[in-house]
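Participant: Sharing a structure below in structure tokens format, with a few things to ask.
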Amino acid sequence: MSTPPDSSRLSFEGPWRRVSPKYVAVELAASFVTGLVLAGVSVFFIVVAGAWFGWWMLGAAVLITIILLVVAPRRARAYEFQLRDDDLLFRRGIMFFRIVAVPYGRMQLIDVNRGPLGRALGLSDLKFVTAAATTGVSIPGLPATEADELRDTLVRLAEQRRSGL
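All residue numbers for the sequence shown refer to full-length UniProt numbering, where the first residue is 1 and numbers rise by one.
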């Protein structure tokens, strides 16, 4: 008979930090633009091609847009990260939950991106490049000053860990 795992070993150090609540606006805008593109393709088939299935496509585009707009706020709140002693822990997802631990010593590049809407809201995205090509860790929706401070902290920690190798 197996014993249940020790809950003290499963706990993480420190609190989870979330992205800015303003990031919801970015997710809503992206969902709306996606809906407009889908609707535009549908209208093209209706008007230019005269295809009867264009109306079905338009209905599907409206339905998809509504679903995306409803889910967008929850999707934006699903991004969290945590700085631990040896690594950065990142989690995201609603249906498909993903947790990634990025060791500080493996970080090769930390990129700060600011898109037009994010810049207008004072938000930045932090992207990490590691030795593994499939890491794909990105923390969106951080306030610009927090993103810059986090980048500097992570670069400092990465240099310390690499020098200890």
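Ideal Cβ positions, reconstructed from N, Cα and C, are used throughout, including at glycine.
What are the boundary residues of the alpha helix (DSSP H) that MET57 is part of?
Facilitator: 53-77 is the extent of the alpha helix (DSSP H) around MET57.
Participant: Please tell me whether ILE94 and ARG74 are closer than 8 Å, where the distance is taken between their beta carbons.
Facilitator: Yes.
Participant: Taking the alpha carbon of ASP86 as the reference point, which residue from ARG106, PHE128, ARG17 and PRO15 has its own alpha carbon closest?
Facilitator: Per the Cα distances, ARG106.
Participant: Determine, using beta carbons only, whether residue 166 and SER42 come nearer to each other than 8 Å.
Facilitator: Lying before the first or after the last residue shown, residue 166 is absent from the chain, which here runs from 1 to 165.
Participant: Between GLU146 and ARG17, what straight-line distance do the alpha-carbon atoms span, to the nearest angstrom?
Facilitator: Answer to the nearest angstrom: the Cα atoms are 11 Å apart.
Participant: Give a yes or no on whether 8 Å exceeds the smallest Cβ distance from ALA131 to chain C.
Facilitator: The chain labelled as chain C is not found in the depicted structure, where only one protein chain is given.
Participant: Determine the contact status of VAL19 and GLY141, defining contact as a CB-CB distance below 8 Å.
Facilitator: Going by C-beta atoms, VAL19 is nearer than 8 Å to GLY141.
Participant: Within 10 angstroms of its Cβ, does LEU126 collect 16 or more other Cβ (buried), or is it exposed?
Facilitator: LEU126 is buried by the Cβ-count criterion.
Participant: Does the distance from the CB of LEU83 to the CB of VAL102 come in under 8 Å?
Facilitator: For LEU83 and VAL102, no; Cβs fall outside 8 Å.
Participant: I believe PHE45 touches GLY54 by the beta-carbon criterion, under 8 Å. Please report the beta-carbon distance rounded to the nearest angstrom.
Facilitator: 3 Å between Cβ atoms; contact.
Participant: Please return the same chain residues whose Cβ sits closer than 6 Å to the Cβ of VAL100, not counting the five positions on each side in sequence.
Facilitator: Here the set comprises PHE90 and VAL137.
Participant: Work out the CA separation of VAL26 and LEU117 for me, nearest whole Å.
Facilitator: One C-alpha to the other measures close to 7 Å.
Participant: Would GLY35 be called buried (16 or more neighbouring beta carbons within 10 Å of its own) or exposed?
Facilitator: Under this definition GLY35 is a buried residue.
Participant: So, is ALA131 buried or exposed, given that buried needs 16 or more other C-beta atoms within 10 angstroms?
Facilitator: With fewer than 16 other Cβ atoms within 10 Å, it is exposed.
Participant: Can you tell me the Cα-Cα spacing of SER7 and ALA158, whole angstroms?
Facilitator: Residue placement at SER7 is flagged as unreliable, the pLDDT there being 38, under the threshold of 50; a coordinate-derived value is accordingly withheld.
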